[in-house]
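For reference, the structure discussed in these notes is given below.
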Amino acid sequence: MLERTPRYAVAFHPKRVPHRFADVLVIGGGLAGLRAALAVPADQSVLVITKGDLRQSNSNYAQGGIAGVIDPEDRFEDHIADTLTAGGELCDPEVVEMVVHEAPERITELIEWGTRFDQVPGGLALGREGGHSHHRIVHALGDATGKEVMRAVIDRACGMPNIETWENAYTLDLLTHEEQCRGALVWNRQHGKTFVWAKQTILCTGGAGQIYRETTNPEVATGDGLAIAFRAGAELRDMEFVQFHPTVLYIAGSSRSLITEAMRGEGARLVDRNGYRFMQDYDERGELAPRDIVSRAIVTQMELTQHPNVYLDVTHLDPAAVRKRFPGIAARCAEFAVDITRDRIPVRPGAHYMIGGVTVDKEGRTTLPGLWAAGECTSSGLHGANRLASNSLLEGLVYGAHAGVGAAREAAGQRDAFCVVPMINPPRDPAAELLDLADIRNSLKSLVWRSAGVRREGDPLAEAAGNIDRWCEYVLARQFADPDGWELQNMLTVARVVIEAARQREESRGVHQRIDFPQTDNEHWKRRIAFRRSE
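Quick note: to get this note's numbering, add 728 to the position in the sequence shown (first position is 1).
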């Protein structure tokens, strides 16, 4: 698999490219990346590189909130138990305990930095979402938690004199020498390529939802960080576990906007085209079952009713309370003539979150020396086979802080050399025929959606692997000159690993549902699947 993947995507020569030096390089400007940057002491230089602008990350689009034991009647043991239950016996218990116990501290930190979480008389407003046994989720602006959290964290980071940010800069590849990460090769439209040499590098590039036709992720989520880490030799793990959000707005002409799980936590009902409330047929927890169960139930109900979607219904709730709690969703639906207090909201599942990613330990170290990682691009062991709602921003905060502290500590022990590693990647002969990149991209997204979506099966996975291998043969071999080509190469790389992991795991567990292997097989598959690039 991917044996012929070139080590670097583009040609470069150190005499023809400008150079930049930093103590710590952070790739990705979402919550995990900025939290990592803020953990670096003021006497060390930090360069944050983000593909779009700072408000384009997945973090900014998070609606639900951040889970943490805040209520005196809640217990750490319950948050831990809920996380382990959702994770399908693949969570790392030590990681779960560490993250859950840090949650109150991280939430308090955000408040101290100016985050304005929603309040009720007596303290923070706490929501409840699927899989949680208690109200423990802080939220902001009703249904726009990510937007408010990112506002505060961006303001904090921009006020730090040691943190510099390059927006709209594309990270082409990690630079490695003598089996260590030395920084990254970066490109932007104004200046072209730049070598960024760093004592330590932190990868916080988010997920890869764009490999799927139906996704809640923004257009920038093309799996670039996963692909460049794979090419550099870092281990990827748990890549078969892709979480599908059950309730994604399904209206022709609309982007696939997330309809937060908090809406079901407040009493929203799922009904089919006939108005039948079906979730109790699939799980006694009804609409508050974990996301994997709800997603599969919706797909099954769509098939039974021969309808392309189901509906989220809040018409029985107080209209004023609904508009106050979910102003963003109300406004979005109103753009398409849907009044959520009177009309049912058409929804269906969509790819939402990469549970798998770059393997990291509890401090955020990857298997490649000099490279750290945090957030959605990692496989930390927190989520196991299925992520509990509102644990993602929490993971980004905890692991961002750990990776930033660890990388800064390592960088402090390295002297300032300002030396350039003698690395050259010559140009490859250009192929004569131009490729229709948009056609390949659309074909890939549809193929991955059909074969590695909510439900998987061996034969379609094998067929998908063959198709992607053929595309890889003539797409990965080329050297493109702009992000359209680089993104496609990265999407193909990540999709191929996802397909292979899903093909290998011959059981059903968490978000990974195999039609041909419907049972969980602890005897053979209570373990992780990992991949590294073969030379």
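We put the CB at the ideal spot given by N, CA and C, even for glycine.
In this structure, Ala750 is the residue among His973, Ala750, Pro734 and Ile891 with its C-alpha nearest to the C-alpha of Asp1144. For Asn1153, the three-state secondary structure derived from DSSP is strand. Collapsing the DSSP output to three states places Trp841 in coil. In this chain, Glu1015 is not harboured by any beta strand (DSSP E), its DSSP state being neither H nor E.
By the Cβ neighbour-count rule, Gly1109 is buried, with 16 or more other Cβ atoms within 10 Å of its own. The continuous beta strand (DSSP E) containing Gly920 extends over residues Gly920 to Leu931.
Under DSSP, the beta-bridge partners assigned to Thr943 are Ala1079. Between the alpha carbons of Ala990 and Gly792 lies a distance of about 6 angstroms. Contact annotation, Lys921 with Val745: C-beta distance approximately 5 angstroms; criterion of less than 8 angstroms satisfied. Counted as a single uninterrupted DSSP element, the beta strand (DSSP E) harbouring Asn916 occupies residues Gln908 to Asn916. The C-alpha of Leu1175 lies about 26 angstroms from the C-alpha of Pro1018.
Between Ala1180 and Met967, the CB-CB gap reaches or exceeds 7 angstroms. Non-local C-beta neighbours of Ala880 in its own chain, meaning closer than 7 angstroms and more than five positions away in sequence, comprise Leu838, Trp841, Gly842 and Thr843, ordered along the chain. Under DSSP, Gln1207 shares a beta bridge with no residue.
The residues Tyr978, Met1030 and Arg1076, in chain order, have a CB closer than 8 angstroms to that of Pro1036 in the same chain once the five nearest residues on each side in sequence are set aside. For Tyr1010 against Trp1177, the beta-carbon gap comes to about 22 angstroms, at or over 8 angstroms, which does not count as contact.
Comparing C-alpha distances from Ala1166 to each of Gly1134, Trp1214 and Leu1122 shows the shortest one belongs to Trp1214. By the criterion of a C-beta distance shorter than 7 angstroms, Thr1095 is surrounded in its chain by Ala962, Glu963 and Thr1087, once the five residues flanking it on both sides are discounted.
DSSP, read as helix, strand or coil, puts Ile835 in helix. By DSSP's assignment, Thr893 forms a beta bridge with Val776. Distance from the CA atom of Gly756 to the CA atom of Arg1070, rounded to whole angstroms, is 40 angstroms. Boundaries of the alpha helix (DSSP H) harbouring Asp1167: Leu1165 to Ser1179, taken from the DSSP string. Around the beta carbon of Ser983, a 10 Å sphere encloses fewer than 16 other beta carbons of the protein chains shown; the residue is thus reported as exposed. Partner residues in the beta bridge of Ser1107, as assigned by DSSP, are Thr1087. Per DSSP, the unbroken beta strand (DSSP E) holding Pro974 starts and ends at Val970 to Leu977. Here the alpha carbon of Ala770 sits roughly 11 angstroms from the alpha carbon of Ala885. Around the beta-carbon of Gly887, fewer than 16 other beta-carbon atoms lie within 10 Å, marking it exposed.
Taking a cut-off of 8 angstroms for Cβ pairs, the segment 802–816 and the segment 858–876 touch, as three or more such pairs fall below it. By the neighbour-count criterion, in which 16 or more other beta carbons inside 10 Å mark a residue as buried, Leu1162 falls on the exposed side.
DSSP places Phe749 in the uninterrupted beta strand (DSSP E) bounded by His747 to Ile755.
Glu1104 sits close to Gly934, with the two beta carbons spaced by under 7 angstroms.
Leu998 sits away from Ala814, with the two beta carbons spaced by 7 angstroms or more.
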